[in-house]
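Quick notes on the structure that follows.
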Amino acid sequence: MSNPFEKDDARYTVLVNDQGQHSLWPEATAVPAGWQVVYGVADRQACLDYVEEHWTDMRPKRLADAVTSAA
Numbered sequence: 002m003s004n005p006f007e008k009d010d011a012r013y014t015v016l017v018n019d020q021g022q023h024s025l026w027p028e029a030t031a032v033p034a035g036w037q038v039v040y041g042v043a044d045r046q047a048c049l050d051y052v053e054e055h056w057t058d059m060r061p062k063r064l065a066d067a068v069t070s071a072a
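Be aware that the sequence shown starts at 2, since it is given in my numbering, and climbs by one per residue.
Here's what the structure looks like:
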């Protein structure tokens, strides 16, 4: 069985959680609790491009906020 998260010909959405972390998610798979769709449904490459453009700080939001407030 192939991995549904790595199929170039599948359709995906991009999910984001409350910490600003992004995930590529297969269209046919239910969105897990705590995540929301922010982009798609689109082809895999378009979703990857969206993630690359919008997820520029890989730190969880709480860590980024703590570093900012400590500065």
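Note that beta-carbon positions come from the ideal geometry of N, C-alpha and C, so glycine has one too.
Since residue i sits in a beta bridge, which residues does DSSP pair it with?
| i | result |
| --- | --- |
| Arg-60 | In DSSP, Arg-60 forms no bridge with anything. |
Measure how close the beta-carbons of residue i and residue j come, nearest whole angstrom, since I'm counting them as under 8 angstroms.
| i | j | result |
| --- | --- | --- |
| Ala-47 | Pro-27 | At roughly 14 angstroms, the Cβ-Cβ gap does not stay under 8 angstroms, so Ala-47 and Pro-27 are not in contact. |
| Thr-14 | Val-42 | 6 angstroms |
| Ser-3 | Leu-16 | Ser-3 to Leu-16, Cβ: 21 angstroms. No contact. |
Taking the alpha carbon of residue i as the reference point, which residue from the options has its own alpha carbon closest?
| i | options | result |
| --- | --- | --- |
| Trp-56 | Val-68, Thr-69 and Tyr-40 | Tyr-40 |
| Pro-5 | Asp-44, Asp-66 and Ala-71 | Asp-44 |
message: Does the contact criterion of 3 or more C-beta pairs under 8 angstroms hold for the region 19 to 36 versus the region 46 to 64?
response: Taking 8 angstroms as the limit for Cβ pairs, the verdict is that the region 46 to 64 does touch the region 19 to 36.
- request: Run through the region 12 to 62 for me and flag every whole beta strand (DSSP E) of 3 or more residues, listed as ranges in chain order.
  value: 12 to 18, 23 to 27 and 36 to 44
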